[in-house]
Every structure is written in structure tokens, then in C-alpha cells.
Amino acid sequence: MSTAAVKWRDDLASWAIPEAIQAQAPQDPWIHPVAQFRAPDGPIPDSPAHAAAREALPEGGSVLDVGCGGGRAALALVPPAMLLIGVDHQQGMLDAFAEAADKRGVASEEILGDWPDVTARTPIADVVVCHHVAYNVWELPAFVHALTSHARRRVVLELPVLHPLTWMNPLWKQFWDLDRPTSPTATDALQVIRDAGYDAHLVEYDDVTQRIPLDPRTQAESACIRLCLPVSRADDVASAVQAADAGMPRRLAAIWWDV
């Protein structure tokens, strides 16, 4: 394992919530609400990540979306894509993916499980996309090799420039007097991928994906869960959430390489 890969793994490990805090949490703080990951019914705003994937797609081609959520990354490529394959470990996400593909009149296939555990039963596609998953992957080289083995033309990752929970660092300090990490970053991911043998490229840009926003109350309750606080503290947390969220405009990065 390269030095960059070891650093990536160790940096992600530093995001673990201290045991004493997590032990008293009313519910699991590592949540992914399906509602927040649904694709919009209307057009999906374009981005450099979508453009990089579209550039490599043939007319009527196929897309494998790993960690697909509600399917935004794959659906943004229709057309030219006409077959979407989604992999996710939550059935609710796959249901939303299939529903969104059906609404757009495009064929889809759904595979339940963790990547790369499900590679043997996952079809190869023209382009593989993987959005907002990398910071959940400790063993990034093996993950990336599996993505590449399932692409005929190109692999495209999208991830925040900074860890997606960085915006909550002031909240951890305010409510728990806990200093949180600031790494790894997208640049660190790029180095891991290059060390794995791929001629990867990176471009940064403002987040224009316009994910379905949570209303302030729901956002505050979600923050309570992530902060290991009871949702009854939502009123206490709400103003701090709005201040932290407004103060951290999100920058994204696209990383892609050809097969």
C-alpha cells in the first residue's frame, strides 16, 4: 500500500466519534436519509463530473453508478445513456433509483450490496460513476481497481474538496468542545488513485448539483443525530446549523481516468 493510501486510511480513521460520546447517542449518528438523495423530477444541473462522463459515453450506452443513492449521477447522463445500473447498500436508495429511471423511460438494473463485495454479480458498463462515496472508503486502492475493472471507457468520481462533514466541525466544538479533523481531501484521493496506476485528472468547481434541501427543522434534527444529541435539542442546534452551513459553501472535485 502506498504512503498516500496509508495516509488516506489513517485520516479517515481520525473521523471516528469518541466512544464515550457515541455510546450515549440516542441513535446511530452515521445516517443517510433517502429523501435527501432522491433525484429531482426536472433537469439535473450539469457539472464537470457529468460532462467528463458524458464525453466518454456512446449513444445508447450504459452507466454503472456505484453508491447510486437516488440516481442523480447516472440520470444526469440520460441521454446518451439508455441503461443505468445502480449499486447501493440501502434498498430504499435502490427503490428510488429504479423509480427515477422508470419516470425517464430508461432501463435500469439494481444491485443491493457493498462495493467491491458485489463485483462478481455486477455487469460491466461503458462508464462507471461514483459520486460522494470516496470519503466512506478506507481501502481506496482496492475500491478504485474494482471500479476500473467494470468500465469499458472511463471512471468518474465526484467528491467534496473537503470531507463532507467538515461543515459540522464548529458544531462539535460548540456542543462537545471537540476538535474534529480537516483531512483527507480530494487532492489526497487523487494521489492515492495515481499511485494505484491510473492517469487521473482533477478539476474543482462550485456545487451546483442542487440536492433536495432539508427544511430547517429537519436539518436541525439530522444534525442532532450526527452530533449524538437527542432530537429534542433541535431548537438549540438550529441556529448553529444555519450559521455553520451558510459559512461553508461547498466546493466539489471531479476525478476521472480512462480505461
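Using numbering that gives the first Met the number 0, you'd call the opening residue of the sequence shown number 0 and step up by one each time. Yeah, the Cβ is synthetic: ideal placement off N, Cα and C, and Gly gets one too.
For residue i: DSSP bridge partner residues
{"i": "Ile84", "result": "Leu63, Glu108"}
{"i": "Leu251", "result": "Pro159, Tyr204"}
{"i": "Trp256", "result": "Val154"}
{"i": "Arg284", "result": "Past the boundaries of the shown model lies residue 284; the chain is included only from 0 to 258, so the question cannot be answered."}
Extent of the continuous alpha helix (DSSP H) to which residue i belongs
{"i": "Glu54", "result": "47–55"}
{"i": "Val186", "result": "Looking at the sequence provided, one finds Thr at residue 186 rather than Val. Where Thr186 is concerned, the enclosing alpha helix (DSSP H) stretches over 185–194."}
{"i": "Ala267", "result": "There is simply no residue 267 to check, as the chain begins at 0 and stops at 258 in what is shown."}
{"i": "Gln90", "result": "90–102"}
{"i": "Ala3", "result": "2–12"}
{"i": "Ile224", "result": "215–225"}
{"i": "Arg71", "result": "71–74"}
Span of the beta strand (DSSP E) around residue i
{"i": "Val259", "result": "This structure does not reach residue 259, given that the chain is present from 0 up to 258, and the question cannot be answered."}
With 16 other Cβ atoms within 10 Å as the buried cut-off, status of residue i
{"i": "Thr184", "result": "buried"}
{"i": "Glu238", "result": "It should be noted that the sequence gives Ser, not Glu, for residue 238. Exposed, by the Cβ-count rule."}
{"i": "Ala38", "result": "buried"}
{"i": "Ala55", "result": "buried"}
{"i": "Trp171", "result": "buried"}
{"i": "Pro115", "result": "buried"}
{"i": "Pro25", "result": "exposed"}
{"i": "Gln190", "result": "buried"}
{"i": "Arg250", "result": "exposed"}
{"i": "Glu203", "result": "exposed"}
{"i": "Asp205", "result": "exposed"}
{"i": "Trp7", "result": "buried"}
{"i": "Pro57", "result": "exposed"}
{"i": "Gly60", "result": "buried"}
Length of the line joining the Cα atoms of residue i and residue j
{"i": "Ile84", "j": "Val136", "result": "20 angstroms"}
{"i": "Glu220", "j": "Ala145", "result": "36 angstroms"}
{"i": "Pro88", "j": "Gly68", "result": "In the sequence as displayed, the identity of residue 88 is His instead of Pro. Approximately 9 angstroms, taken between the alpha carbons."}
{"i": "Val128", "j": "Gly70", "result": "11 angstroms"}
{"i": "Arg232", "j": "Asp244", "result": "18 angstroms"}
{"i": "Pro47", "j": "Trp175", "result": "38 angstroms"}
{"i": "Leu82", "j": "Pro17", "result": "43 angstroms"}
{"i": "Pro44", "j": "Pro122", "result": "27 angstroms"}
{"i": "Ile254", "j": "Asp194", "result": "14 angstroms"}
{"i": "His200", "j": "Ala73", "result": "20 angstroms"}
{"i": "Gln218", "j": "Pro32", "result": "11 angstroms"}
{"i": "Val154", "j": "Phe142", "result": "12 angstroms"}
{"i": "Arg225", "j": "Pro42", "result": "31 angstroms"}
{"i": "Ile192", "j": "Met0", "result": "12 angstroms"}
{"i": "Ala4", "j": "Leu11", "result": "11 angstroms"}
{"i": "Leu139", "j": "Leu161", "result": "16 angstroms"}
{"i": "Gln173", "j": "Met167", "result": "10 angstroms"}
{"i": "Pro169", "j": "Pro163", "result": "14 angstroms"}
{"i": "Asp257", "j": "Asp234", "result": "48 angstroms"}
Contact test: residue i Cβ vs the ligand GTP heavy atom, cutoff 7 angstroms
{"i": "Ala55", "result": "In terms of ligand content, the structure shown is empty, and the ligand GTP therefore cannot be addressed."}
CB contact below 8 angstroms: residue i versus chain B
{"i": "Asp125", "result": "The structure shown contains no chain B; it is built from a single protein chain."}
As an exercise, report each continuous beta strand (DSSP E) stretch of at least 3 residues that is fully enclosed by the stretch 123–182, in chain order. Unbroken beta strand (DSSP E) runs of no fewer than 3 residues, entirely contained in the stretch 123–182, are found at 124–130, 150–159, following chain order.
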